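Residue numbers (my numbering), protein chains in the order written: chain G, 871 to 1535; chain Y, 100 to 896.
Comments concern the structure below.
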């Protein structure tokens, strides 16, 4: 029966959403549509309207309610802030199950489950598992306590200990978003029936259990098509490419040159495709040096690739040497080329044992090799594990800074930012082209190249531009999201998992802290990206490469995260944004200016949540300004109308109703 | 008389070696200057008789342009009224701070009775931004004498003063209390000059001196108190209402009325008859008798600080010796308890908070992280930054003070108990805690004037020993009492402000400037130990004893230091003014409004209303009261883990309420919430300036939006009025702080705004040196670092 309702509402969704879009605030679930129906005259549903109307925000972002209380710190939604009581009431009135998304279905439900909250204590309520989420609700509290998280976030489910004396079994859930959850419930008397946690284990890891990832079922329609955000040709055209030195090649159209690279590549004009193939033979995984970004004035370029296959014997490749020389020659401003090897020199040298290595300065004349000392994915994974220990669930007050230092997390952030800074500095101040690589060129290289591009090009600091940057440097150039995140895979100890992308977003956040007016997006935008990195709701971060995405027909079968974001950009806009498009940002990479991203890593701790985010106030200001602007325009129109009709009567001016700005200058 | 002084200045400047003979001739000069000059002459003789012809040069470097020599006469700063140059040396090299290279600027180094000043030989380039936030008393290359923290000689040897004879280092490093670092090379100057300037600076900055030698006294005699500052938002604000000075019965009465307190104003000490250590005027509980007042000379007298709207109040006192025959302790406690509902909590701050010595030790460690001599050193220390922060304990002391204040707030707000805080002396941590409590509870103190009044009430009238704590006089017996207690308070305020920005009318810059002003020996606010001390000195120093005492400016007269435009930066553009509050802040203050701020939550029982108990038997109340009282007396906060968890609960209950910037404010005290005051501590360090970023980027955008909103509003109003006349006049330009900053957003501002501007720095990012050391040393668990990025076990090295 539940299914039926869903289906009918889903069909409604298709034709009403677009029509009603401009009138209603968009939301991820069906609540908005229910309102729509009432607005269209369906009076039989009016009882549920007021509730769903208000709960729009309670259930809107899949993560807004997933924290241990009413909302997470970064929820800038004004409605939720303005009417906490209303929301609370709604929650109490509503049922014990979640508002389901299109194609979401309840898999199991269990009453009298205890959630052991590290902040509040034991809470008894109802646990629901769907094919998308885990939903726990405790009605005993005022306001009702809700825990709502996508299953994609769960990295491991384990039974803790045996049955206790009270006949309870307890389960621990480790999550990818820096928290652990603990549940307990009565041992099933009917031993044949599966426990809800066994169901959970199945649903949380669809890939391991031969099920479909929810992103492939989710059928929400958004007014924006997120898959159209990035078009490689258009982006290169924006950069002024092709030009007299650089051409766009089709050599990788069928991913034959390199299966982890995109089909569209920018290479020097003078190098024919045949030579590219020979260069590919000398670069790890065939990831040849290609252009990522070109300076609009100096023509200095940021080039990315993988390590050269030098090996123990110091093998050389004339083609590769010529290729890099051509790259250098393409920039007339400088007679030097900087090769930034992201690794520590020791590791780079160790790679020679396995056929890899680094460019020797003998072979590559005019090139200077610099090691950036950034550690590998395993070190980063370990660092994040330690960080989680330090920040979750509680922070030890007395040695906070020492504990933070011992995780080395910010030190790694500093090294990555420092590396990107050196790259940006060479390109901007030195007018020199740079080549960036690590071992395979899809982890540290992606971090460095994209960060340097954020520093150098204001376009990538806009909401759309940042999406393009991710699509380009991370997705199309084959950062292996599936492996690094392990979507739907129960093998949580997989050594391929690593928070490389999280580190990059953290670095971007550090920059937004230092340059609060230089980014069009806000903190909530970054957090939303990270949340949906794990949620498996959108297809954006599925698969490992462009080739796989094309094969899986992701644009056809899934919804892009950018569709969701670009359908309500005002949620993600930094009201303080000043468009300095030509400004290069050089962040300060001293520990003094780096800080732990509390709004992300410690957001589950209710004590660390600000009551009112400052952004709220800025947003109000912008709204105020927009309102006033509108009124001024209206009045001006009125004035011209009146003078035209030469009316002499004084009308009651509408300005009376304006409340004075309660702000002090 | 005036001409005589000008002449004297030039004479001192030019003919220093012969000054002693001139002093005898100058009969007209007043006693203060005589003293100064006597000191000078004694120094002169200590430095050796030096009448060598000044054109014999011992310096060789060809950098010195000889044609610069004649212009030496002009090369002195614009002296302030009453300022006298003691000695000077030319061709001193001032190193640029930001690198290890020996580059720098040549100029004249002078020492006056106010400052050490470096005047560059280079023509000053006109700086737009610089002029915006220029201190009128001292420039960027001036160090007020009391702002000098430490002087180092060659090889970073600490100079302690007194010991040097005929010797001087080639390089002199001066660390300032406002965290600037100056490095001078004396090796290019004439030997005699170098020796003299070095000894002069060391003598005037480090040697003990008498209070009368402080610059304030000669300054005040030579200035008229009336300085007018026209226009400017900040000054308008100041002029509208003055800071309450708490130097009259009326001020105290008014403040008590404002908070609906019901205590006794004591004016018996107006001539310091009770005790010179007690404030001139103060407030005690109603039940304190005249006999009590006189008997103990203020020892153990509970002094009223602030009344909560429920009727309970906060008192502070100098510790009462617990064993005393006639049980004064108990009587005083009863007096406090009688103030409201017969309950009182006592808190001995000496038991639970760090001592003033701990505070000094911790701060001395902390400040070293910011007194940076060179870049390499800076980046080296960057690696261990977080653990160093932990080790020095400064942030922890801030946290403890805030936590203690929250505990007191909890007692007042949740339990409606009278609170008596005490410590030995009663004027250090008592001031910190009581002021913080008032800031958290009373929105009036978060306005600019309210905050200044609070400092007057708790610190100046409250008898905080500013002079001893700052040890401006370098007295050997006061070294122990030196401690940055007031700075600690400002740090705590900054933390509150960081967490609840829109609740404060004043800005971060205001707090930074206030913390600097402590070391400018001009303001009476920070020069004395208590009311009695101030009174006796100002009266004695007045040139005309029969007339009013010497009229020195207080620090609140900001026009002494900054012009109106600069003062605009003291206000917070995001401050939310109380709704419907057009008239003065104080008038519209209604305790009725405050009532809404108390926690109506079900988590706490609302306190019984005052009237509710009134008709019940008085006896019952007394029994209750005594019980509570004895309980608190027996266990004075020995259960600290318990209190901290109750503070936690209190905070969490408050946190779930909707935020009211005009209500109770509590700070979050968890690890990441207590931060380093970046503006104050990092402003001079070149490598950490965020060019084009920092809070100012946000501030200028906010100001811009605000300006726009106001402009639109004005347009609307105009349209409303002239709807029929179709008038389209020129837009009146709003010249506010907003406009000032917005106009400058084209200039690349940095995170050190407004203190440093980015003029001479090449636009190049600071690339850290020594990045990897600590990572390599600490070693990774297992061999993670050696592994390949491909996670498969086969690819492990």
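Just so it is clear, CB atoms sit at the ideal spot from N, CA and C, and this is done for glycine as well.
Only a predicted model underlies this, so the values are computations on that prediction, with no experimental measurement involved.
Proximal chain G residues relative to residue i, where beta-carbon distance stays under 8 Å
i	result
residue 767(Y)	1477 and 1478
residue 183(Y)	None at all; the shortest Cβ gap to chain G is about 41 Å.
residue 560(Y)	In chain order: nothing, as chain G lies at least about 28 Å away.
residue 97(Y)	With chain Y covering 100 to 896 only, the question about residue 97(Y) has no answer from this structure.
residue 751(Y)	1476 and 1477
Status (buried if at least 16 other CB within 10 Å, exposed otherwise) for residue i
i	result
residue 1080(G)	exposed
residue 389(Y)	exposed
residue 341(Y)	exposed
residue 1496(G)	exposed
residue 1057(G)	exposed
residue 450(Y)	exposed
residue 1030(G)	exposed
residue 255(Y)	exposed
residue 1255(G)	exposed
Contact under 8 Å by Cβ, residue i with residue j
i	j	result
residue 867(Y)	residue 481(Y)	yes
residue 1322(G)	residue 1172(G)	yes
residue 461(Y)	residue 484(Y)	no
residue 1305(G)	residue 1296(G)	no
residue 1248(G)	residue 613(Y)	no
residue 1219(G)	residue 885(Y)	no
residue 1164(G)	residue 1103(G)	no
residue 620(Y)	residue 245(Y)	yes
Where residue i falls: helix, strand or coil (DSSP)
i	result
residue 482(Y)	helix
residue 1308(G)	coil
residue 1138(G)	strand
residue 303(Y)	helix
residue 1030(G)	strand
residue 865(Y)	coil
residue 388(Y)	coil
residue 1440(G)	helix
residue 282(Y)	strand
residue 415(Y)	strand
residue 1172(G)	strand
residue 1217(G)	helix
residue 702(Y)	Any answer about residue 702(Y) is weak, because its pLDDT of 32 lies below 50 and its placement is not dependable; what the coordinates show is given next. Looking at residue 702(Y) - three-state DSSP - the assignment turns out to be coil, as it is neither helix nor strand.
residue 206(Y)	strand
Cross-chain neighbours of residue i in chain G, by beta carbon under 7 Å
i	result
residue 790(Y)	1456
residue 886(Y)	1246 and 1248
residue 787(Y)	1458, 1460, 1462 and 1463
residue 865(Y)	1458
Cross-chain neighbours of residue i in chain G, by beta carbon under 9 Å
i	result
residue 204(Y)	Within chain G, no residue comes near residue 204(Y); the closest Cβ sits about 25 Å away, beyond 9 Å.
Amino acids of chain Y, ordered along the chain, whose beta-carbon sits closer than 9 Å to that of residue i
i	result
residue 1488(G)	673, 797, 800, 801 and 804
Contact list for residue i against chain Y, beta-carbon separation under 8 Å
i	result
residue 1217(G)	884 and 885
residue 1384(G)	789, 792, 793 and 850
Any residues in the segment 471–492 of chain Y with a beta carbon nearer than 7 Å to a beta carbon of chain G? Which ones, in chain order?
481, 484, 485, 486, 488 and 489
Tell me which residues of the segment 1286–1319 of chain G have at least one Cβ-Cβ distance to chain Y shorter than 7 Å, keeping chain order.
1288, 1291, 1292, 1295, 1299, 1309, 1310 and 1313
Identify each residue in the segment 1260–1272 of chain G for which the Cβ-Cβ distance to at least one residue of chain Y is less than 8 Å, and report them in chain order.
1265, 1266, 1267, 1268, 1269, 1270, 1271 and 1272
If you measure beta-carbon to beta-carbon, which residues of the segment 595–626 of chain Y are closer than 7 Å to chain G?
600, 601 and 604
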